[in-house]
Amino acid sequence: MGEVAEQDAHGRTVAKCYLEDGRDLSAEMVKLGLAIDWPKFSNGKYRSLEVPDVRKKLWLADARQKGRMHVWEKFEAKQKNS
19 MGEVAEQDAH GRTVAKCYLE DGRDLSAEMV KLGLAIDWPK FSNGKYRSLE
69 VPDVRKKLWL ADARQKGRMH VWEKFEAKQK NS
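Take 19 as the starting number for the sequence shown in my numbering and just add one per residue.
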């Protein structure tokens, strides 16, 4: 289930989606560390649900996925030296 809220600057649909039991899918994803709050569209509704360091973890995962291994290697080296 879902309802279209708007389109972003790139023409992508922004929607509010719900699980069959009525739970907010965005809230559940943020609680699991699979997403972060995006205040432009949520007005900060999910920020308090974010898991610790999720922004750094997702940024590092994005860097690795896009082949920016120098970012990932710097992070790993820092972890080993800690």
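All C-beta atoms, glycine included, are put in the ideal place defined by N, C-alpha and C.
Between the stretch 42-51 and the stretch 60-77, do three or more beta carbon pairs fall short of 8 Å? yes
Give the straight-line distance between the Cα atoms of Ser60 and Arg41, rounded to the nearest whole angstrom. 16 Å
Classify Ser44 as buried or exposed, calling it buried when 16 or more other Cβ atoms lie within 10 Å of its own Cβ. buried
Return helix, strand or coil for Ala27, following the three-state DSSP convention. coil
Give me the Cα-Cα distance between Ala81 and Leu37, rounded to the nearest whole angstrom. 30 Å
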